[in-house]
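At position 33 of the sequence shown the residue is numbered 67 (our numbering), and the sequence of numbers has no breaks. Cβ atoms here follow ideal geometry from the backbone N, Cα and C, with glycine treated the same way. Predicted model, so just to flag it, every value in this text is computed and none were measured. Input: a single structure, listed below in structure tokens.
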Amino acid sequence: MSLHTPHDVLVIGGGNAALCAAIAARRKGASVLVLEAAPKFYRGGNTRHTRNMRCAHDAATETLSGPYTEEEFWDDLLRVTGGQTDEELARMMIHQSKDMLHWIVQQGVRFQPSLGGTLSLGRTNSFFLGGGRSMLNALYITAAALGVEVVYDAEVVDLDIDDGFFQAASVRHGGQVHRVEARALVAASGGFEANIPWMKEAWGEAAENFLVRGTPYNKGTVLRALLDKGVQPIGDPSQSHAVAIDARAPKFDGGIITRLDCVVFGIVVNKFAERFYDEGEDIWPKRYAIWGRLVAQQPDQIGYIIFDAPSLRMFMPSLYPAIGAPTIRDLAGKLGLDPDTLERTLGDFNAAVRPGTFDHTVLDDCRTEGLHPPKTHWARKIETAPYYAYPVRPGITFTYLGTRVDRDARMQMASGKKAANMFAAGEIMAGNVLGRGYAAGMGMTIGSVFGRIAGEGAAANVSN
């Protein structure tokens, strides 16, 4: 069995970052074993739910409508993180993302023309033909053809690390715990968002109301082991890629079809029927990921997106239908909100709206005046029945606490020295680039770029 045969490179994880690392290491001549904690059907972590990847490029292509320069990418990253990023690593990632569009295609991944609508990503993001699962299947096919070995239902429960030198992993598989040895390690096993007790360490009881958009297998076991064995941490455990998703979604694995992109078309209120943030702050792909945290900070971690009939067909709907009613009072009753307060909140908003030319694809001039919080763009009166609402909760995609790495994706030890033979890629090290905030498609960029770097680095480490 593969578990009992020493390999050059052990890759822990089964998503985009892990597969990019495995393929890159194998192409450099290393023997590679991939351990995926999930069963085969659920392989791939959060990659299964993705749609696109953000990469810099100098000109329009068959699937991208225009150029997206390295400097513009950097400006976008700087804006969403508020400067909480390692500039050297971030700029390196952005530069290498230009080649990633070609490299990932060489591994069998195909792209399609970008979607329109509220996404506004036609110029900046490349969409996978068939979505994340098709992208993932292509990588697995390529890895198998190259001779990469994969074991499913293989949960890593501990790591044998001596002063920054990886020796073996303890792997639960088939009812037994096996010792799996390798000459180099690539950790690409995601964050800890599915570990609610760990989430509660950062968020308290509020974490009980969080929904996990992706895989239930990202429990952070490998991350915890690495940090316990002396790897230097990076990132805030309370920071994550968190969006507002339909509150009716399942606790785990709801994926992209539970996300709501209609905030810009209405207002968002809390359980007291009061607004709490500017719904028109910035173009949606640069701001959608703040709404998970905003809702998480509200009482009972619940919010409601309120809009009217003209907006119903202007965005990608959730898997669940919008809740409709002929009057605002009736809608409040269906949502369990105080009708007087909701009517007053909506009346104050409508009175503050100033006329403009509505265009959700740009920062338009439709705004409120004298209202707190304001709605700085896309403000239109909500006055045409029937009225609609979506209940929303925080949907956690992945966490930002992770392992510190260098330009070679090599882990850094708390002692200040480099790990001897340990590398990391994807969500488990995303905090190096994402101190907070998010822009659409960036998780796949981090996974692909650092996955390839980590795989090639691990293979070179073995050959040396």
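(request) Give every residue of the same chain whose Cβ lies closer than 8 Å to the Cβ of threonine 361, excluding the five residues on either side of it in the sequence, and list them in chain order. (result) Position 327 of the sequence shown, counted from the first residue, corresponds to residue 361. Answer for threonine 361: Ala419 and Tyr421, listed in chain order.
(request) Using the Cα positions of glutamine 266 and alanine 443, report the straight-line distance between them to the nearest angstrom. (result) Along the sequence shown, read from residue 1 onward, the residue named residue 266 stands at position 232. Along the sequence shown, read from residue 1 onward, the residue named residue 443 stands at position 409. Looking at the two C-alpha atoms, the distance is approximately 13 Å.
(message) On the CB-based measure, 16 or more other CB atoms within 10 Å of its CB, does valine 139 come out buried or exposed?
(response) Counted from its first residue, the sequence shown places residue 139 at position 105. With fewer than 16 Cβ atoms within 10 Å of its Cβ, valine 139 is classed as exposed.
(message) Rounding to the nearest angstrom, what Cα-Cα distance links glutamate 403 and proline 147 in this structure?
(response) One-based indexing of the sequence shown puts residue 403 at position 369. One-based indexing of the sequence shown puts residue 147 at position 113. About 39 Å.
(message) Whole angstroms are fine: how far does the CA of asparagine 384 sit from the CA of leucine 376?
(response) In the sequence shown, residue 376 corresponds to position 342, counting from 1. In the sequence shown, residue 384 corresponds to position 350, counting from 1. Cα to Cα, leucine 376 sits roughly 12 Å from asparagine 384.
(request) Could you work out which residue in Met476, Thr479, Arg167 and Thr437 is closest to phenylalanine 226 when comparing CA atoms only? (result) Residue numbering aside, residue 226 sits at position 192 when the sequence shown is read from its first letter. Answer by Cα proximity: Thr437.
(message) For a minimum of 3 consecutive residues, which ranges assigned as the beta strand (DSSP E) are wholly contained in the segment 389-455?
(response) 421-433 and 444-446
(message) Using only the alpha-carbon positions, how far apart do alanine 218 and isoleucine 279 sit?
(response) Position 184 of the sequence shown, counting from 1, holds the residue named residue 218. Position 245 of the sequence shown, counting from 1, holds the residue named residue 279. Straight-line Cα distance between these residues: approximately 39 Å.
(request) Could you work out which residue in Arg293, Pro231 and Glu461 is closest to proline 351 when comparing CA atoms only? (result) Taking the sequence shown and counting its residues from 1, the one referred to as residue 351 is at position 317. Out of Arg293, Pro231 and Glu461, Arg293 has the C-alpha closest to the C-alpha of proline 351.
(request) Tell me whether the beta-carbon of leucine 111 lies closer than 8 Å to the beta-carbon of alanine 473. (result) Taking the first residue of the sequence shown as 1, we reach residue 111 at position 77. Taking the first residue of the sequence shown as 1, we reach residue 473 at position 439. Cβ distance < 8 Å, so leucine 111 and alanine 473 count as in contact.
(message) Comparing C-alpha positions only, which one of Thr95, His91, Trp108 and Glu96 sits nearest to tyrosine 102?
(response) On the sequence shown, position 68 is the one that residue 102 refers to. The shortest C-alpha separation from tyrosine 102 is found at His91.
(request) May I ask you to report which of helix, strand or coil DSSP gives glutamine 140? (result) By 1-based counting over the sequence shown, the position of residue 140 is 106. The answer is helix: DSSP assigns glutamine 140 an H, G or I state.
(message) For glutamine 210, count the other beta carbons within 10 Å of its own beta carbon; 16 or more makes it buried, fewer makes it exposed. Which is it?
(response) One-based indexing of the sequence shown puts residue 210 at position 176. By the neighbour-count rule (16 or more Cβ atoms within 10 Å), glutamine 210 is not buried but exposed.
(request) Determine the burial state of lysine 253: buried for a count of at least 16 other Cβ atoms within 10 Å of its Cβ, exposed for fewer. (result) Within the sequence shown, residue 253 is the residue found at index 219, counting from 1. It counts as buried.
(request) May I ask you to report which of helix, strand or coil DSSP gives valine 467? (result) Indexing the sequence shown from 1 puts residue 467 at position 433. In the structure shown, valine 467 sits in coil (DSSP, three-state: anything other than H, G, I, E or B).
(request) Find out if the Cβ-Cβ distance for the pair alanine 454, alanine 488 is shorter than 8 Å. (result) Here residue 454 corresponds to residue number 420 of the sequence shown, with the count starting at 1. Here residue 488 corresponds to residue number 454 of the sequence shown, with the count starting at 1. No; because the gap between Cβ atoms is not below 8 Å, this pair is not in contact.
(message) Could you compute how far the alpha carbon of glycine 80 sits from the alpha carbon of proline 73?
(response) By 1-based counting over the sequence shown, the position of residue 80 is 46. By 1-based counting over the sequence shown, the position of residue 73 is 39. It should be pointed out that residue 80 corresponds to asparagine in this sequence rather than to glycine. Straight through space, the alpha carbons of proline 73 and asparagine 80 are spaced by roughly 14 Å.
(request) Using 10 angstroms around the beta-carbon of isoleucine 416, count the other beta-carbons present and answer buried if the total reaches 16, otherwise exposed. (result) For the purposes of this step, residue 416 is taken as residue 382 along the sequence shown, with counting starting at 1. Counting Cβ neighbours within 10 Å, isoleucine 416 comes out buried, since at least 16 surround it.
(request) Would you check if the segment 47-57 and the segment 226-239 touch, i.e. whether three or more CB-CB distances between them fall below 8 Å? (result) no
(message) Buried or exposed for alanine 368, going by 16 or more other Cβ atoms inside 10 Å?
(response) Locating residue 368 in the sequence shown gives position 334, counting from the first residue. According to the sequence as given, residue 368 is lysine; it is not alanine. The residue in question, lysine 368, is exposed, as its Cβ has fewer than 16 Cβ neighbours within 10 Å.
(message) Do valine 297 and proline 428 count as a contact pair if the criterion is CB distance below 8 Å?
(response) Within the sequence shown, numbered from 1, the residue matching residue 428 stands at position 394. Within the sequence shown, numbered from 1, the residue matching residue 297 stands at position 263. Taking 8 Å as the Cβ cut-off, proline 428 and valine 297 do not qualify as a contacting pair.
(request) Could you check the C-alpha separation between alanine 283 and isoleucine 290 for me, to the nearest Å? (result) Residue mapping note: residue 283 aligns to position 249 of the sequence shown, counting from 1. Residue mapping note: residue 290 aligns to position 256 of the sequence shown, counting from 1. Going from the Cα of alanine 283 to the Cα of isoleucine 290 covers about 11 Å.
(message) Here's a check: name, in chain order, each residue in its chain whose Cβ is nearer than 6 Å to the Cβ of proline 373, leaving out the five neighbours to either side.
(response) Indexing the sequence shown from 1 puts residue 373 at position 339. These residues qualify, in order along the chain: Arg363 and Ala366.
(request) May I have a chain-ordered list of the beta strand (DSSP E) segments no shorter than 3 residues that lie completely inside the segment 200-254? (result) 210-221
(message) If you follow the alpha helix (DSSP H) that phenylalanine 107 is in, where does it begin and where does it stop?
(response) As a working note, residue 107 is residue 73 in the sequence shown. Unbroken alpha helix (DSSP H) run through phenylalanine 107: 104-115.
(message) Rounded to whole angstroms, what is the Cα-Cα separation between asparagine 243 and histidine 83?
(response) Counting from 1 along the sequence shown, the entry for residue 243 is found at position 209. Counting from 1 along the sequence shown, the entry for residue 83 is found at position 49. Distance between the alpha carbons of asparagine 243 and histidine 83: 21 Å.
(request) Take every Cβ of the segment 59-73, pair it with every Cβ of the segment 180-192, and state whether three or more of those distances are shorter than 8 Å. (result) For the pair of segments examined, the segment 59-73 was found to touch the segment 180-192: the number of CB pairs separated by less than 8 Å reaches three.
(message) Using only the alpha-carbon positions, how far apart do alanine 58 and glycine 450 sit?
(response) In the sequence shown, the residue the question calls residue 58 occupies position 24. In the sequence shown, the residue the question calls residue 450 occupies position 416. Rounded to the nearest angstrom, the two C-alpha atoms are 28 Å apart.
(request) Quick one: measure Cβ to Cβ for isoleucine 430 and arginine 247, integer angstroms, because I've assumed they're closer than 8 Å. (result) Within the sequence shown, residue 430 is the residue found at index 396, counting from 1. Within the sequence shown, residue 247 is the residue found at index 213, counting from 1. 7 Å between Cβ atoms; contact.
(request) Assign threonine 176 to one of two classes, buried (16 or more other C-beta atoms within 10 Å of its C-beta) or exposed (fewer than that). (result) Position 142 of the sequence shown, counted from the start, is the residue given in the question as residue 176. So threonine 176 counts as buried.
(request) Buried or exposed for arginine 327, please, with buried defined as at least 16 other CB atoms from any protein chain shown within 10 angstroms of its CB. (result) On the sequence shown, residue 327 is found 293 positions in, with the first residue counted as 1. Counting Cβ neighbours within 10 Å, arginine 327 comes out buried, since at least 16 surround it.
(request) Within 10 angstroms of the Cβ of arginine 466, are there 16 or more other Cβ atoms? Answer buried if so, exposed if not. (result) Numbered from its first residue, the sequence shown carries residue 466 at position 432. One detail in the question is off: residue 466 reads as asparagine in this sequence, not arginine. The residue is buried, with at least 16 neighbouring Cβ atoms inside 10 Å.
(message) Does valine 191 pass the burial test, meaning 16 or more other C-beta atoms within 10 Å, or should it be called exposed?
(response) In the sequence shown, residue 191 corresponds to position 157, counting from 1. Its Cβ having fewer than 16 others within 10 Å, valine 191 is exposed.
(request) Determine the contact status of histidine 207 and leucine 37, defining contact as a CB-CB distance below 8 Å. (result) In the sequence shown, counting from the first residue as 1, residue 207 sits at position 173. In the sequence shown, counting from the first residue as 1, residue 37 sits at position 3. Yes, Cβ-Cβ distance for histidine 207 and leucine 37 is below 8 Å.
(message) Which same chain residues end up closer than 7 Å to glycine 100 when comparing Cβ atoms and leaving out the 5 residues on each side of it in sequence?
(response) Position 66 of the sequence shown, counted from the first residue, corresponds to residue 100. Same-chain partners within the cutoff: Ala94 and Arg157.
(message) If I measure Cβ to Cβ from glutamate 215 and keep anything under 6 Å in the same chain, skipping five residues before and after, which residues do I get?
(response) Indexing the sequence shown from 1 puts residue 215 at position 181. Once the five neighbours on either side are set aside, the close Cβ partners of glutamate 215 are Pro40 and Ala202.
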